[in-house]
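Q:
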Amino acid sequence: MAGLPGIKLSSVGAPDVPDLARQALLDEVWLTPKPGLVDAANNGSHRDMDLPMFLGSIAAIAPWFSTFHALGHEHAGRGTSEMLRLIRPAGIACEQAMYQATQGVNTHKGGVFSLGLLSAAAGRLQGQGKALTVSAICATVSEICSGIVERELVASRKVSTVGERLYQQFGLTGARGEAESGFLTVRQYVLPYWQAESCPKRRLLAAMLRLMAANPDTNLVSRGGLNGLRYVQRYATRLLLQGWHEDDLRQMDADLIARNLSPGGSADLLAVSAVLAEIAG
18 MAGLPGIKLS
28 SVGAPDVPDL
38 ARQALLDEVW
48 LTPKPGLVDA
58 ANNGSHRDMD
68 LPMFLGSIAA
78 IAPWFSTFHA
88 LGHEHAGRGT
98 SEMLRLIRPA
108 GIACEQAMYQ
118 ATQGVNTHKG
128 GVFSLGLLSA
138 AAGRLQGQGK
148 ALTVSAICAT
158 VSEICSGIVE
168 RELVASRKVS
178 TVGERLYQQF
188 GLTGARGEAE
198 SGFLTVRQYV
208 LPYWQAESCP
218 KRRLLAAMLR
228 LMAANPDTNL
238 VSRGGLNGLR
248 YVQRYATRLL
258 LQGWHEDDLR
268 QMDADLIARN
278 LSPGGSADLL
288 AVSAVLAEIA
298 G
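Residue numbers (the numbering used here): 18 to 298.
(1) Quick one: what does DSSP say C216 is sitting in, helix, strand or coil?
(2) Between which residues of its own chain and I78 is the CB-CB distance below 7 Å, once the five residues before and five after are set aside?
(3) Helix, strand or coil, according to DSSP, for V122 in the structure here?
(4) With 16 other CB atoms within 10 Å as the buried threshold, where does S302 fall?
(5) Ends of the alpha helix (DSSP H) at W81?
(6) Label G53 either buried or exposed according to how many other C-beta atoms from any shown protein chain fall within 10 Å of its C-beta, with 16 as the threshold for buried.
(7) Could you give the first and the last residue of the continuous alpha helix (DSSP H) run that contains W47?
(8) Go to S173, then tell me how far its alpha helix (DSSP H) extends in each direction, as first and last residue.
(9) Measure the CB-CB distance between G199 and S163 and report whether it falls below 7 Å.
(10) With burial defined as no fewer than 16 other Cβ atoms inside 10 Å of the residue's Cβ, what is the status of Q301: buried or exposed?
(11) Would you check if there are 3 or more beta carbon pairs closer than 8 Å linking the segment 228 to 244 to the segment 181 to 192?
(12) Count Cβ pairs between the segment 283 to 292 and the segment 41 to 56 that sit closer than 8 Å; are there 3 or more?
(13) Are the segment 41 to 48 and the segment 94 to 113 touching, with three or more C-beta to C-beta distances below 8 Å?
(14) Please go through the same chain and pick out, in chain order, the residues whose beta-carbon is closer than 7 Å to the beta-carbon of L243, but skip the five residues on each side of it.
(15) With DSSP run on the structure shown, which of helix, strand or coil describes A31?
(16) CB-CB under 6 Å to G245, same chain, minus the five flanking residues each way: which ones, in chain order?
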């Protein structure tokens, strides 16, 4: 039963994390302007993907978040260290559904990883009869991913993925490190400021800028090296300090496109931020 997408196991009154994940992906992709990223205005720095492709990808992967949740619930009595092994086959199947919908383009691999973990952690907590709080769900994700950086990056002798290459070159731990930390970047740089903006759109845009300023985004390093990462971090920091309008973000979009830079890791964390902010209430 847990291996089939679309099954929901939510406690009455508890946040529906799989549905929050789906909505967060939709809110993220429609958010405009997003510098260097696919949005309603343009394709950002991407030649191989666009808004319709992203919407198709979300439709393909969203049902699997309920599967991750169901697996977390089903195996709530197992050791936390076993969870990653137990949910990994569903993660691979979800990625395959994404690739089938996009004809092989990686639109949401980072989102599948991060939001799948949030969904599984929520299912585990609910299966244990525990409350869904930001601290509990992030601690559970951290426990599920305990040792993943050591196993898959530090001890790895092969360099077959971008993440492995960037760890070998620069010591960047990417999505694995963020998950193992319990999404520390989101908890430290986004959630404390979430209510500072009353307009929902501006709240998301401000969160995006905060992530771009703080996140050691491996997507940026992959495209532009450490100089590309630092350029975006300085740019976002400057806008946050001086105050910003949407025109500033449109100019930043043009500048990042000219440099072929795309902060895709921050886009994934923006979706995580939206889910956790909803759980925080």
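The beta-carbon is built from N, C-alpha and C at its ideal position, and this holds for glycine as well.
A: Put simply:
(1) coil
(2) The residues are C111, A114, M115, H125 and V129.
(3) coil
(4) The question about residue 302 has no answer, for the chain in this structure spans 18 to 298.
(5) L68 to E91
(6) buried
(7) V34 to W47
(8) Unbroken run through S173: none, as it is neither H nor E.
(9) no
(10) Outside the modelled stretch of the chain, which goes from 18 to 298, sits residue 301, for which no answer is possible.
(11) yes
(12) yes
(13) no
(14) F187
(15) Taken through DSSP and simplified to helix, strand or coil, A31 comes out as coil.
(16) Shown here for G245: same chain residues with a beta carbon closer than 6 Å to its own, the five before and five after excluded, namely L237 and L278 in chain order.
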